[in-house]
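These notes are about the structure you will find just below.
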Amino acid sequence: MPEEPSPLEQQLKAGPAGQILVHLATPVWLVDLDPVRVVWGNRAAAELLRQPSVEALCDYDFGPFEAGDVARLHHLRRQLDLGETPTESWVTHVHGARIALQCHFAPYRLADGTLLILVEAHESAGPVILLEDLRSIESFRHSSPLTLMVSMDGDVALANPAAIEALPMLRRSGARWQDLFEDAEAGLGLLEEAAAHGGMRSEFSLHTDNGDYWYMADLRLARDPSDGEHCLVVTLSDLSERQQLEQRVRESESSIRQAMELAPVPLLILSSFGKSPLYANAAALRLFATDARQLPDDSRKLIQLNGAVMRDIFDTLRNGQTYGPRDARLFVAEGRQLTLRITAQTLTYDGELAMILSLVDVDELRQAEARLNGALERERDLNRLQKQLVSVVSHELRTPLAVMDSSVQRVLRHHQDWPADETSERLRQLRQKIERLSTLAERLLDSARLDEGKVAFQPQPFNLVQLIDKVIEQQAELAPLNQIQFSFDGLPAEINADPQLIEQVLTNLVGNAVKYSPGGTPVCVQAHRGGDYAVIEVSDRGLGIPLHEQPQVFERFFRASTTLDIRGTGLGLYITRQLVELHGGRIELHSEAGVGTTMTVYLPL
1 MPEEPSPLEQ QLKAGPAGQI LVHLATPVWL VDLDPVRVVW GNRAAAELLR
51 QPSVEALCDY DFGPFEAGDV ARLHHLRRQL DLGETPTESW VTHVHGARIA
101 LQCHFAPYRL ADGTLLILVE AHESAGPVIL LEDLRSIESF RHSSPLTLMV
151 SMDGDVALAN PAAIEALPML RRSGARWQDL FEDAEAGLGL LEEAAAHGGM
201 RSEFSLHTDN GDYWYMADLR LARDPSDGEH CLVVTLSDLS ERQQLEQRVR
251 ESESSIRQAM ELAPVPLLIL SSFGKSPLYA NAAALRLFAT DARQLPDDSR
301 KLIQLNGAVM RDIFDTLRNG QTYGPRDARL FVAEGRQLTL RITAQTLTYD
351 GELAMILSLV DVDELRQAEA RLNGALERER DLNRLQKQLV SVVSHELRTP
401 LAVMDSSVQR VLRHHQDWPA DETSERLRQL RQKIERLSTL AERLLDSARL
451 DEGKVAFQPQ PFNLVQLIDK VIEQQAELAP LNQIQFSFDG LPAEINADPQ
501 LIEQVLTNLV GNAVKYSPGG TPVCVQAHRG GDYAVIEVSD RGLGIPLHEQ
551 PQVFERFFRA STTLDIRGTG LGLYITRQLV ELHGGRIELH SEAGVGTTMT
601 VYLPL
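If you're matching positions, the sequence shown starts at 1 in the UniProt record's numbering and goes up one per residue.
Structural data, given as structure tokens:
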């Protein structure tokens with residue numbers, strides 16, 4: 001009994017075009033792409049494809065269709081949608097027989113709207129290579145990735161030049177995939193796993209003449225066009241350079257992390273939402289008085305304590321901006337705040353979006369700045385003192401030495417002709433000049449000893465009134481024109497101090513009062529008890545000191561503008577203050593230009 005036509009065949013016969021296809025002597029069949037299958041063919045197609053009937057043709061499984069085949073069919077579909085009618089060469093295998101076909105493709109829409117691909121085929125005596133295929137072959141030859149076709153038992157059927165260059169053992173006939181591996185079984189296992197999954201990606205090491213190199217492999221299941229058997233197309237990408245780059249990156253990251261660890265500035269890395277710390281260098285751990293183990297708990301507390309500042313940082317970074325530098329008061333521990341200069345920006349840390357904060361202690365910075373400014377100021381003072389010392393020594397030594405030299409030469413030339421009293425007067429004047437130089441040298445030495453803390457300080461009980469009397473008597477002999485008045489009240493019988501140093505203090509003060517007072521004007525010395533201090537006041541009616549110069553009076557080498565015409569070193573009051581402070585006391589100045597000066601010394605009892 002004749003076979004009933006299929007519903008599709010009935011649709012085809014319903015129209016004149018379909019009747020032509022059914023009875024056409026040219027092999028024609030229809031292909032559906034969802035799923036990929038032959039849905040109809042005429043008798044000529046069944047004969048061409050070695051099938052006993054049209055029904056057998058539709059039932060025959062031409063698959064499995066690899067990803068490359070499916071992609072090729074969908075590309076055909078797109079060409080047909082654009083109105084093209086492409087021609088391609090295809091090879092199929094039926095019952096072990098290889099059939100080379102030249103196929104013409106066209107769209108075919110059924111009455112119900114289903115769109116199929118119409119294939120008109122002619123068997124070729126040999127493979128027909130189209131221009132597109134030639135270009136594919138040329139691209140394969142010049143492709144830089146290493147590409148191989150490997151049979152399921154490991155035979156290398158084909159390798160492109162790049163693969164042969166990188167893997168010289170492929171040049172040998174009968175090259176096998178597993179021979180590229182140190183463990184041949186592992187190589188075959190990769191082929192089996194790739195075939196089972198239809199393809200896979202993997203990384204492994206292969207033998208080369210220059211050693212072992214790492215490759216990224218893309219294994220895809222395909223068919224060998226020569227026999228239709230399954231094979232694997234393997235594309236290899238050299239990972240050695242990438243691994244070297246990764247190693248350099250790791251080394252660079254290690255160096256950066258080491259630099260961060262040694263950085264004196266506290267550095268803190270938080271997760272992008274600031275919920276957890278990822279890293280803190282040693283300076284940050286010291287700042288927050290914590291350690292790496294306690295950091296997670298401590299940092300969460302600190303983030304809560306500094307919520308307003310942290311929100312400001314998050315908002316700024318979310319807008320793609322860098323935060324800071326800005327100064328803010330932050331809690332670095334519960335109950336402890338510091339002013340910190342904060343800079344923050346986003347970064348990727350261990351593959352995670354994060355933020356890095358640098359935290360500079362502004363208080364410490366200001367202290368360091370103050371120390372630096374102090375050091376610079378001391379350097380300037382030393383430079384100024386050096387210049388003043390040179391000036392003083394030049395003026396106070398060179399002139400007396402020149403006068404002394406001249407006097408000595410005159411005495412040598414004329415001492416036999418001069419009367420004895422004139423020679424004695426010349427020698428007395430010479431001795432006065434020597435005493436002045438000796439005093440200058442002693443003051444310079446006293447200044448140096450005070451700076452170095454080498455002044456001998458030997459306190460002992462002594463009578464202060466008697467010491468003042470002694471100093472006044474000495475100064476009265478040197479300046480007989482000035483009357484020195486002394487009064488005292490309420491002083492204890494003795495005070496505990498260094499009598500030699502106090503004598504030097506009194507000599508400087510009384511000597512200055514006499515020195516800078518006009519002849520005939522009195523100098524007053526008063527001593528009394530003021531609480532826990534012995535108070536000594538030395539007053540004169542001399543030149544006085546301008547108000548704007550008074551803060552500098554006790555500085556080394558300073559001389560008031562009213563006294564520049566009178567010889568002096570500018571060391572006396574500097575030494576005096578140092579000696580008074582050595583006793584735990586203080587000295588005060590009250591002066592008015594043209595009226596006079598009062599120096600008041602307070603010595604603890």
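A virtual CB, placed ideally from N, CA and C, is assigned to each residue, including glycine.
- Taking C-beta atoms under 8 Å as the contact rule, Tyr602 and Val505 fail to qualify, at a distance of about 12 Å.
- Looking only at Leu158, Val119, Gly187 and Ala184, the smallest Cα-Cα distance to Ser173 is reached by Leu158.
- Residue Ile356 holds the alpha-carbon nearest to the alpha-carbon of Pro277 among Pro52, Val94, Ile356 and Gln79.
- If you draw a straight line from the Cα of Arg50 to the Cα of Val94, it comes to about 7 Å.
- A residue is called buried when at least 16 other Cβ atoms come within 10 angstroms of its Cβ; Asn508 meets this threshold and is buried.
- Following the DSSP letters along the chain, one finds Pro277 in no alpha helix (DSSP H) but inside the beta strand (DSSP E) bounded by residues Pro277 to Ala280.
- Beta bridge pairing from DSSP links Gly530 with Tyr533.
- The three-state secondary structure of Arg380, taken from DSSP, is helix.
- If the five residues before and after Ala560 are omitted, its C-beta is found closer than 8 Å to the C-beta atoms of Leu543, Ile545, Pro546, Glu549 and Val553, all from its own chain and listed in chain order.
- Annotation: the continuous beta strand (DSSP E) that includes Asn496 extends over Ile495 to Ala497.
- Between the segment 519-527 and the segment 481-491, the count of Cβ pairs shorter than 8 Å is three or higher; the stretches touch.
- The criterion of a C-beta distance shorter than 8 Å is satisfied by Tyr108 and Leu30.
- Measuring C-alpha to C-alpha distances from Gly96 to each of Phe105, Gly228 and Ile587 identifies Gly228 as the nearest.
- Nearest C-alpha to Leu219 among His207, Leu245 and Glu192: Glu192.
- Put simply, of Gly335, Arg293 and Ala344 the residue whose alpha carbon is nearest the alpha carbon of Arg318 is Ala344.
- Cβ contact annotation for Trp177 (same chain, cutoff 7 Å, sequence separation greater than five): Val150, Gly154, Val156, Gly187 and Leu191, in chain order.
- A straight-line Cα-Cα distance of about 21 Å links Gly113 and Asn42.
- Here the alpha carbon of Phe105 sits roughly 55 Å from the alpha carbon of Tyr349.
- Just so you know, the alpha carbons of Ala284 and Pro325 end up roughly 17 Å apart.
- Counting along the chain, the unbroken beta strand (DSSP E) around Met599 starts and ends at Gly596 to Pro604.
- The DSSP assignment places complete beta strand (DSSP E) segments of no fewer than 3 residues inside the segment 141-224 at 146-151, 156-159, 199-208 and 211-223, in order along the chain.
- Exclusion of the five residues before and after Val360 leaves Val265, Leu340 and Arg341 as the residues of its chain whose Cβ lies within less than 7 Å of its Cβ.
- Setting aside the 5 residues that flank it on each side, Ser539 is surrounded in the same chain by Cys524 and Thr598, each with a C-beta closer than 6 Å to its C-beta; the list follows chain order.
- For Ala45, the uninterrupted alpha helix (DSSP H) segment begins and ends at Arg43 to Leu48.
- Excluding five sequence positions before and after Ala282, the CB atoms of its chain that fall closer than 7 Å to its own CB belong to Glu261, given in chain order.
- One Cα belongs to Ser254, the other to Gln247, and the distance between them is close to 10 Å.
- Contact check for Leu236 against Ala194 fails: the beta carbons are separated by 8 Å or more.
- The residue among His75, Leu116, Leu110 and Gln102 with its C-alpha nearest the C-alpha of Arg37 is Leu116.
- Distance between Leu148 and Asn160, taken at the CA atoms: about 7 Å.
- CA-CA distance, Asp81 to Trp40, rounds to 21 Å.
- For His23, the three-state secondary structure derived from DSSP is helix.
- Between Leu467 and Glu494, the C-beta spacing is not below 8 Å.
- Sequence-distant partners of Pro145 (beyond 5 residues in either direction) whose C-beta falls short of 6 Å from its own C-beta, in its chain, are Thr235 and Ser237.
- In the three-state DSSP reduction, Pro551 falls in the helix class (H, G or I).
- As summarised for the segment 54-113, the continuous alpha helix (DSSP H) elements at least 4 residues long and confined to that stretch are 54-59 and 67-81, given in chain order.
- Distances from the CA of Val465 to each of Glu537, Asp327 and Asp405 were compared; the closest alpha carbon is that of Glu537.
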